[in-house]
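Working notes, structure below.
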Amino acid sequence: MIEILTPSELPRARAAGTLVADILHTSKQRSEVGTNLLDINRWAQEMIVAAGGESCYVDYEPSFGRGPFGHYICTSVNDAVLHGKPYDYQLADGDLVTLDLAVSKNGIAADSAISFIVGDSRPAESVALIEATERALAAAIAAAGPGARIGDISHAIGTVLTEAGYPINVEFGGHGIGSTMHQDPHVPNTGRPGRGYKLRPGLLLALEPWVMVDTAKLVTDADGWTLRSATGCRTAHSEHTVAITEDGAEILTLPTV
1 MIEILTPSEL
11 PRARAAGTLV
21 ADILHTSKQR
31 SEVGTNLLDI
41 NRWAQEMIVA
51 AGGESCYVDY
61 EPSFGRGPFG
71 HYICTSVNDA
81 VLHGKPYDYQ
91 LADGDLVTLD
101 LAVSKNGIAA
111 DSAISFIVGD
121 SRPAESVALI
131 EATERALAAA
141 IAAAGPGARI
151 GDISHAIGTV
161 LTEAGYPINV
171 EFGGHGIGST
181 MHQDPHVPNT
191 GRPGRGYKLR
201 PGLLLALEPW
211 VMVDTAKLVT
221 DADGWTLRSA
231 TGCRTAHSEH
241 TVAITEDGAE
251 ILTLPTV
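In terms of UniProt numbering, the sequence shown is numbered consecutively and its last residue is 257.
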């Protein structure tokens with residue numbers, strides 16, 4: 001299903017996006033050496049409930065997962081990159097953390113992810129990974145607008161990641177979003193320009209470049225959810241939800257704090 005929002009629905013999308021962004025920002029600011037991933041999950045739960053939102057993850061049970069996800073936020077550390085299930089782990093200095101959050105508020109969902117390094121260490125490899133995904137996300141947003149095609153976005157992402165020297169996995173990528181978290185169209189992280197669905201005002205897209213240092217292959221943890229790099233290399237992931245407008249793409253998941 002591809003859902004097109006009306007102008008009257010966009011304020012609700014903005015509210016959902018702001019909530020997601022503020023929760024991610026606050027969780028990042030509170031995350032430090034010794035923070036437990038289960039604490040981050042608890043913070044997300046408390047903030048979602050306090051704001052009158054609903055988790056898109058707790059009851060999420062897609063074909064690629066094992067049972068309901070059962071948590072409020074994805075917490076992926078170091079070689080984990082997608083769908084990281086929170087568990088009893090305390091963050092260490094230099095850990096590369098990705099927080100991925102999707103929340104529905106007043107019937108509209110928003111989805112965003114951030115990667116950051118905990119503590120005082122700044123491993124050059126981790127910094128480069130994060131910066132590459134952020135550049136790719138900026139390129140994707142710049143390529144999005146009415147009349148553009150999904151392939152234009154995919155090509156913009158893929159060009160940045162390839163030039164940075166990273167392999168690209170196409171199993172998981174961006175997606176449409178609206179009254180539900182995952183919708184068509186799928187937005188691969190590489191592709192050919194001028195191909196695919198033509199973007200229209202009112203379309204919401206979650207754009208999410210993610211990358212692994214030296215492989216495009218994923219392996220799944222015993223928890224049935226957490227996806228890691230097959231070689232144990234580090235990973236990073238950046239994501240925004242955007243609304244296609246009459247003259248471009250509006251980022252909905254920017255924090256107010």
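For each residue, glycine too, the CB sits at the ideal point set by N, CA and C. Computed from a predicted structure; not experimentally measured.
- A straight line joining the alpha-carbon of CYS74 with that of GLY147 spans about 33 Å.
- If you compare the alpha carbons of GLY178, SER55 and THR235 with that of ASP95, the shortest gap goes to THR235.
- Taking the Cα positions, ALA132 is about 10 Å away from ALA138.
- Here PRO188 is not near SER229, since their CB atoms are 8 Å or more apart.
- Residue state for VAL118 is assigned as coil, using DSSP reduced to three classes.
- Taken in chain order, the complete beta strand (DSSP E) segments of 3 residues or longer contained in the region 75 to 131 are 80 to 82, 96 to 105 and 108 to 117.
- The alpha-carbon separation between ILE244 and ALA13 amounts to approximately 12 Å.
- According to the DSSP assignment, HIS175 belongs to the beta strand (DSSP E) that extends over 174 to 176.
- In the three-state scheme derived from DSSP, where H, G and I count as helix and E and B as strand, ALA206 is classed as strand.
- Secondary structure of ILE2 (DSSP, three-state): coil.
- Nearest to PHE64 by alpha-carbon distance, out of ALA156, ALA142, GLU54 and LEU82, is LEU82.
- Annotation: the continuous beta strand (DSSP E) that includes ASP184 extends over 183 to 187.
- Here the alpha carbons of ILE40 and SER27 stand approximately 6 Å from one another.
- Excluding the 5 residues flanking it on each side, GLY202 has same chain C-beta neighbours closer than 6 Å at ILE4 and LEU5, in chain order.
- In the three-state DSSP reduction, LYS198 falls in the strand class (E or B).
- For VAL20, the enclosing alpha helix (DSSP H) begins and ends at 10 to 30.
- Between ALA136 and VAL97, the CB-CB gap reaches or exceeds 8 Å.
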